[in-house]
Structure formats: structure tokens, C-alpha cells
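Here the protein sequences come in this chain order: A and B.
Going letter by letter, the first sequence gives residues 2 to 227 in this note's numbering.
Going letter by letter, the second sequence gives residues 21 to 246 in this note's numbering.
Cβ coordinates follow ideal geometry from the N, Cα and C atoms, glycine included.
The structure appears below as C-alpha cells.
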Amino acid sequence: MSAKAVVVRNLTRRYGYRVALKDISLDFSENGIQGLFGANGAGKTTLMRIISTLLRPHSGTISVMGFDPQEEPEEVKKYLGLVGDKTLLYDELSGIENLRFYSKLYGLHRDFFETQVEELSQRFAIKTWLEEPVKNLSTGLKKRLDIVRSLIHNPMLLLLDEPFSGLDKDTTEDFWDYLNEHRNTRTTIVTTHNLALGANLCDEFVTLRKGVVINQGPISQFDQTL
Amino acid sequence: MTSGLGAALAIAKKDIIIQLRKKFEAFSMFLFALIAVLAYSFALVSQGSIPADVGSAMLWVIIFFMGMFGFAPIFLSESETGTLRGLATAPIPAWAVYVGKVIYGFVLMGIVEVFLVPIISILFGFSFLNDIPLTVAVLVVGTLDLSAVGSMASALVMPSEAKATVFPLVYFPTATSGLILLIEITKIIVLGPGVVPIMLLFEILLAHLIAMLTLSASVFHFALSP
């Protein structure tokens, strides 16, 4: 049996009276690309927020890379890389200033940081834009820079919440290739309502509907009609 | 992993750089201070100066209301642009985010005070020269105290829909106790010894600052991950 990156048991989360996640139990295996599928309002983003320590569940337990996000959030955060629909970049800073700021928060060694910037900026074709203030960049370039930001500390658990929205075809393919290359050394959890894309990319999947797990398993068992 | 203080300094530095490029809050604060000084000068100056006790109150009331422009956006802008998630998911203690913002608020207010205090002293003919070290100490501790309260107020109103309206409702009552102490101490510096020893008042002010900082820092993780 493969090790688990995320283990969720009987987890419930409400917003007021509305139940976003209802007594769900699921696992995400370590390494590989795991899909979290479902329509809008299924509870995907809520679960991603709980995994990334941004939200607390009302009941149930969760373990991320062996740690409890509520009890040991800083331990969990060391492993996390996060890409959402909105970038986490500061418009008034240049690309390299943004990356340098995050590298300080992650306590990266200068040599490691420079190697990572060199490698990732070349890989995602933003090297020539690094000195430019983020507010001057196009949406696609901002997204590329945000992907580099999320990878700068070489996270072992990458959480991608609708990562392909706003990305052009080339960037989507570049990112896809990158995720494929690191399939064996990194756990990536992707939420998407683009089921065709998800089915091609992922090794395993979980499908949520109205806050309930309706299906999970290897991608070969994935049924897009559910 | 970076230390909490290192992360706090990185956050403060980032905010100061952004402020130096935007200049919006600093300019609003300076403009407010200038107009307030002008208005007071028409209303209160007689025989070339204003009564010293009125001047002491005026100085701190201007600084207090200046905080409205400086402190309110401290977390609101991060919350609106989504960059707060970047801080909340970095492997740093929550208090580091708070302390970083307090340092930034202090520097921002300090920049305006460097111009404001000499202008008020010259225009209104009341002097802090009676005790320069104590004057500097009161300005530093007082500004830190207001920044500690203002930063926490800004964080607390983040979930509210009417953030700008709610901010004064949190900031005013919590900062008023410090404000009264600051006015009283400044009055003694300008007028000479009063009934209550000045050092006792200063120690109470210091205790107020320490209480605000430690209390806010210890519960700040609730503001970051509700």
C-alpha cells in the first residue's frame, strides 16, 4: 500500500447553515497527480483551503504529510506550494522582488534561490520579465510568475486550485509537462471542473458533489458521467 | 526555515517599498495632518501661540486620526488582492505577520511625524525641548502603541463587508486609553511636572503597548485562518 500525503476522515465544514463538506473521508497518495473533481459549489476549494491550513474543519480529522494542519500548521506549510485562480503577487513589486520576498518567508538559502529562479524562469519563459513591475505584466505572464513563485521552495505537496484558468495553450502545456516530469517526486493535487483535462493528467481522482464524495480511485475507474 | 522576526522584517520591508512606490497612504496622512494643523491654527492661535495643554492634545489627536488613513489599509489591501493567502500559507508563525505590519505602520506614521512634529512646534510656539529624550521616547512608544492597535483593528475587520465603516468602531475604543496617556505625558513635558509623576504615566503607556502587542500577537492566528 502506497504512503498517503493527505488523509481525511469524517470531515465536515459548514458556512453558517450551509454544509460545504459533509462527513467526507478520502485519501490522496504520496507522489503522482491527484485530481479533485466536481462542479462549482461541490466543496473542492473548501477542501483545498482546509488542506492548506487556511480553514478549520468543524468536525473530523485531517492529516497532511503526516501532520495535523490545526495543531502543527507551520510543519504543514513547509511542504506546501499553492496556485489558485488569483495570483499571490504584489503588483507594485517586480517579479524578482516578489520571488525574493517569498524566498525570505521560506528561509531559502541565497544560492538555492538563485538556482531555482534561473531554472524556473527559463522553464516558464519569464526570465526577461523578472525586473518588470508585476502590474505591467499581462494576465498570462502574471500566472507564469505565480507558478514560479509556488515552486520556488521546491514544495513536496503542490495544491493547484483551477490552475489552468486564464492560462494560454502554450503555458498550460508547459505547466502540464513540468507536472509530468515531477510526477514521481512530488504530490500534486489539482482541482478542476475541466474533466477531460483532469482525466488525462491525473493518476487518481476524487469526485465531490454537493460536499459529498461520490467516487474515488485510480483514474482508470473515472467516470465522467458521474 | 526563517525566524519569526526575520519574516516580520521582510514583511515590513516589503510594505515600506510598496508604500514608497504608491505613496497613497503617506500622502493622505500628510495632507490630513496639514489641513488639521491649518484649521487648528485659525481656531486656536492667539498672541502668536496656542495654550500648551491644547497643543499637546492637538498633536496626538491629529496623529490618532492620521492612523485612520495609515492603519485601515494594512490588512485590507492584502485581503482584497488575495496576497494574504501567501502570508497565511508561508511557514512562519502568525505573530510574525502581525509584528511585520506593526513595524510597517510605525515606520509609515514615523515618516509623517518627522515633518508634523517640527511644524506644530514651530507654528504654535510650544516646545518639546524641556525633555528631548523623553519626547522622543513618548513619540516612539506612542506611535508603536497606535500601530499595534491599528494593525489588529485592520485584521479584525477583514471578514466584515463594510470594512472601512467598521474599522473606526474597532480602532477608536481600543486606542483611546493609549491616547489619553499620550496627551497627559506630552502636557507634562511641555508644561512641567503635574500631580502624577511623568515616569509613572510613561510606565503605564509602556505596559499598555506590551499588553496590546502580546495579546494581539497571541491570538493573531485566528485572524489569518478563521
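Identified DSSP bridge partners for residue i
i	result
A/SER60	A/THR13
A/ARG187	In the DSSP output, where bridge partners are listed per residue, A/ARG187 has none listed.
A/ASP28	A/VAL8
A/GLU98	DSSP lists no partner for A/GLU98.
A/GLU205	A/GLN35, A/PRO219
A/ASP162	A/THR192
A/LEU22	A/ARG14
A/ARG210	A/VAL213
is_contact[residue i, chain A] using C-beta, thresh 8 angstroms
i	result
B/PRO179	no
B/GLY125	no
B/PRO113	yes
B/LEU128	no
B/ILE37	yes
B/ALA46	no
B/ALA175	no
B/THR185	no
B/GLY102	yes
B/THR7	Nothing about residue 7 of chain B can be read from this structure; chain B reaches only from 21 to 246.
B/LYS121	no
B/GLY106	yes
B/SER238	no
Same chain, Cβ closer than 7 angstroms to residue i, neighbours up to 5 away in sequence not counted
i	result
A/SER104	PHE114, ILE153
B/ALA108	LEU244, SER245
A/ARG187	ASN32, MET157, LEU159
B/SER171	PHE91, ILE94, TYR118, LYS121, VAL122, GLY125
B/LEU64	ILE70, VAL74
B/ASP151	ILE209
B/VAL132	ALA46, MET49, PHE50, ALA53, MET86
Run of the alpha helix (DSSP H) containing residue i, from where it starts to where it stops
i	result
A/PHE38	Element bounds for A/PHE38: not the alpha helix (DSSP H) but the beta strand (DSSP E), 33-38.
B/ALA72	72-91
B/ALA237	218-244
B/SER48	44-64
A/GLN117	111-124
B/ALA195	183-211
Chain B contact for residue i (CB, 8 angstroms cutoff)
i	result
A/SER64	no
A/TYR107	yes
A/PHE114	no
A/SER139	no
A/ARG57	yes
A/SER95	no
A/GLU75	yes
A/LYS144	no
A/ASP28	no
A/THR13	no
A/MET2	Only weak support is given to the placement of A/MET2: the predicted model assigns it a pLDDT of 47, under 50, and the value that follows is read from those uncertain coordinates. Closer than 8 angstroms: no.
A/LYS87	yes
Cut-off 6 angstroms between Cβ atoms - residues of its own chain near residue i, not counting five sequence neighbours on either side
i	result
B/MET178	PHE95, SER99
B/PHE268	With chain B running from 21 to 246 in the structure shown, residue 268 of chain B is simply not present.
A/ALA4	GLU31
A/THR88	LYS143, ASP147
A/GLY1	What is shown of chain A runs 2 to 227, which leaves residue 1 of chain A out entirely.
A/VAL65	VAL7, ILE52, VAL77
B/GLY87	LEU166, GLY170
B/ALA32	GLY120, ILE123, TYR124
Cutoff 8 angstroms; reference residue i; Cβ partners in own chain excluding five residues on either side
i	result
A/GLU165	Residue identity differs from the one stated: residue 165 of chain A is Phe in this sequence, not Glu. So the qualifying residues of the chain are THR173, PHE176, THR193, ASN195, LEU198.
A/ILE127	GLY96, LEU142, ARG145, LEU146, VAL149
A/VAL130	Sequence inspection shows Trp at residue 130 of chain A; the Val mentioned does not correspond to that position. So the list reads GLY96, LEU138, LEU142, LEU146, once near-sequence residues are dropped.
B/SER197	HIS228
A/ASN11	ASP24, ILE25, SER26, SER60, GLY61, THR62
Opening and closing residue of the beta strand (DSSP E) in which residue i lies
i	result
A/VAL135	Where A/VAL135 is concerned, there is no enclosing beta strand (DSSP E), given that its DSSP letter is neither H nor E.
A/VAL84	81-84
Alpha helix (DSSP H) runs wholly inside the region 102-141 of chain B, at least 4 long, in chain order: The region 102-141 of chain B contains, as complete alpha helix (DSSP H) runs of 4+ residues, the segments 104-108 (chain order).
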